[in-house]
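Written out below as structure tokens is the structure these notes cover.
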Amino acid sequence: MKYPEVQNFINGVFTNASSNRQMEVISPIDSTLLAVMTLSNKSDLDRAVKAAADAFPGWSKTPIKERVQVFFRYKTLLEKHMVELSRLVQEENGKTFDEARAEIEKSIELTEFACSLPQLVTGEILEVSRGVECRTEHIPLGVVASIVPFNFPSMVPNWTLPNAIALGNCMIMKPSEKVPLSCGKIAELLKEAGLPDGVFNIIQGDSEMVEAICDHSGIEAVSFVGSTKVAKIVYSRATSNYKRCIALGGAKNHLLVLPDAIPQMTAANVAASMSGCAGQRCMAASVMLAVGEVDHIIEKICDEVRKIVPGVNLGAVINKESKDRIENYIAEAEKQGAKILVDGRNPKVDGKEKGTYVGPTVIDFVTPEMAVAREEIFGPVISIIRVNTVDEALAIENANPYGNAASVFTQNGGVARYIIEHASAGMIGVNVGVPVPREPFPFGGWNESKFGVGDITGKSSIEFWTKLKKSTTKWSPEAGVNWMS
Ligand code: NAD
447 MKYPEVQNFI NGVFTNASSN RQMEVISPID STLLAVMTLS NKSDLDRAVK AAADAFPGWS
507 KTPIKERVQV FFRYKTLLEK HMVELSRLVQ EENGKTFDEA RAEIEKSIEL TEFACSLPQL
567 VTGEILEVSR GVECRTEHIP LGVVASIVPF NFPSMVPNWT LPNAIALGNC MIMKPSEKVP
627 LSCGKIAELL KEAGLPDGVF NIIQGDSEMV EAICDHSGIE AVSFVGSTKV AKIVYSRATS
687 NYKRCIALGG AKNHLLVLPD AIPQMTAANV AASMSGCAGQ RCMAASVMLA VGEVDHIIEK
747 ICDEVRKIVP GVNLGAVINK ESKDRIENYI AEAEKQGAKI LVDGRNPKVD GKEKGTYVGP
807 TVIDFVTPEM AVAREEIFGP VISIIRVNTV DEALAIENAN PYGNAASVFT QNGGVARYII
867 EHASAGMIGV NVGVPVPREP FPFGGWNESK FGVGDITGKS SIEFWTKLKK STTKWSPEAG
927 VNWMS
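In case it helps, the working numbering puts the sequence shown at residues 447 to 931.
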């Protein structure tokens, strides 16, 4: 086994979980056993919540300008440990080293945003009447929780923890049981950066722990990122327990490709979007709506896709179950009459025969009723639907229950604007295949890709992780008695 047993991190100390249920952490690259993990039970969560609650009075009263100093140091530590952190993400998730490194770079960008929070939470003050002032202040909520998925073991935890903690909260993080290792390293670095014990805690576990978090009376707010099925469970369970909740779900992202698109740039972007992180990105292109005559672009897309080699510049998918699911989608589409232009099923990956790889796959002549057109595949697969008009394309995009991202490839600004206005998705790209807003712009989809108000990053997260205190003060004796008195 490569690593010691995966542990919880409670009150600044790594400790064993106390259930008798164990899981193995397997690398998707070659099926190496990386570590074993004991799953937590309710008593572990109780201890973590108590540690966080005990730390809260001291941490929340620390001025924000002091709190963010921890994150300036954390950022430097992320930079210093870039290679080690990237390797860990690569090993446990299966993505390529470059993709893992990009994830750490994004974690650094998210931390930089948290460092800027003192500039953004100054509150407001106004003399509303002679001698009478109204003022707002952002107050931290208390103990909060963050539940994260397997596809970004470092970046998604860093969507929430720097902002929530810099704003004065104490956090319980529940990593994905498929990739529990990177979070442990994050905890080590936060401690080295000077974060007081108890402010950040990790509870390793599975769905049982998620349910316990949603039910725990000591937790004020829950943020969730994962599939739509679980996002719905978490959102309804946490809010029915009167907690604040934002729950980001799955996706089915559409790319509209128009005949006037620049062929080479479009092909490179489409190929990168559908295959990056082995298609296991909630922002990955999944359906290409080919508007009119775009065969010359489809040919180039296939050329680009053929340059993507599993085990070289394409990572593994998370496990055998995912590989089978993805390959079954391709087989079903073929059976229903779609044409497989590039077939990535069962690739041979020299030296990594035990890895769970699926090669990039392009499926043409897909119809909107097919499962590959409707459901989240979460693999390196793009389904091409041929349509005659932009409105026909938009009707298909709009009918999908998800709404994370949509992109258009065109040189026509008017058409691009029309698509920005009419696509039913929270994040839109124009000639950009993966339209992730960079900090300080917030990240968040629409429809069944997100439940709850606001977005998870950027300024929007300030509203989620704090509550506003409104005070009205009168010190001046000459302020008269009026309807405010
Ligand atoms: P998942 O929903 O299976 O798991 C996410 C978390 O929920 C994990 O921590 C897991 O332990 C827990 N969980 C799993 N099943 C549960 C259940 N039945 N009850 C309670 N908790 C449960 O998601 P995943 O497979 O880890 O991640 C992939 C999914 O996440 C994809 O659907 C992807 O689109 C989505 N995702 C969305 C975004 C976004 O921003 N919208 C970002 C990243 C990933």
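Virtual Cβ for every residue (Gly too), placed ideally from N, Cα, C.
Straight-line Cα distance separating residue j from residue i
i      : j      : result
GLY875 : SER732 : 14 Å
GLY801 : SER477 : 6 Å
VAL495 : GLY664 : 7 Å
GLY588 : SER917 : 20 Å
ILE472 : LYS624 : 8 Å
ARG884 : TRP929 : 46 Å
GLU555 : PRO503 : 28 Å
ALA841 : ASP749 : 29 Å
PRO854 : CYS580 : In the sequence under discussion, the amino acid at residue 854 is Val, which differs from the Pro named in the question. Going from the Cα of VAL854 to the Cα of CYS580 covers about 46 Å.
PHE559 : SER686 : 32 Å
ASN615 : MET734 : 42 Å
PRO886 : THR606 : 14 Å
GLY644 : SER628 : 19 Å
GLU530 : VAL812 : 42 Å
SER669 : ASN850 : 17 Å
Check: residue i C-beta below 7 Å from any heavy atom of the ligand NAD
i      : result
ALA697 : yes
ASP500 : no
LYS620 : yes
PHE460 : no
ASN765 : no
PRO595 : yes
VAL854 : no
VAL755 : no
GLY672 : yes
ILE648 : no
SER907 : no
GLU604 : Looking at the sequence shown, residue 604 is not Glu but Asn. Flag unset: Cβ of ASN604 not near the ligand NAD.
VAL656 : yes
CYS728 : yes
ILE679 : yes
Chain-order list of residues whose beta-carbon lies under 7 Å from that of residue i (same chain, five-residue window excluded)
i      : result
GLN782 : MET816
ARG752 : VAL788
ALA639 : VAL516, ARG519, TYR520 and LEU523
ASP490 : ASN454, ALA463, SER464 and ILE649
Beta-carbon proximity list for residue i, same chain, < 6 Å, skipping 5 on both sides
i      : result
ILE510 : PRO564
LEU641 : VAL516
ARG547 : SER532
VAL880 : SER719 and MET729
ASP810 : LYS785, LEU787 and ILE830
GLU634 : none
GLU739 : PRO705
Bridge partners - residue i, DSSP secondary structure assignment
i      : result
CYS616 : VAL589
MET873 : ALA851
ASN647 : ILE618
VAL808 : VAL788 and ILE828
LEU702 : LEU735 and VAL854
ALA693 : PHE670 and PHE897
SER917 : ARG581
Beta-carbon proximity list for residue i, same chain, < 8 Å, skipping 5 on both sides
i      : result
ILE710 : For the record, residue 710 in the displayed sequence is Gln; it is not Ile. These residues qualify, in order along the chain: LYS746.
VAL836 : LEU702, LEU704, VAL737, VAL861, TYR864 and ILE865
Handout entry: Segment contact, 8 Å Cβ cut-off, at least three pairs: the stretch 454 to 464 with the stretch 484 to 503
Key = yes
Exercise for the section: State whether the stretch 900 to 917 contacts the stretch 554 to 563, with contact taken as three or more CB pairs (one from each stretch) at a distance under 8 Å. Expected result: Yes, since at least three Cβ pairs between the stretch 900 to 917 and the stretch 554 to 563 fall closer than 8 Å, the two stretches touch.
Exercise for the section: Determine, using beta-carbon pairs with one atom in the stretch 674 to 694 and one in the stretch 712 to 727, whether at least three such pairs fall under 8 Å. Expected result: No, they do not touch.
Problem - Three-pair Cβ contact test at 8 Å for the stretch 606 to 617 versus the stretch 576 to 588 - result: Yes, the stretch 606 to 617 is in contact with the stretch 576 to 588.
Handout entry: Touching by the beta-carbon criterion (3+ pairs, under 8 Å), the stretch 751 to 770 and the stretch 859 to 869
Key = no
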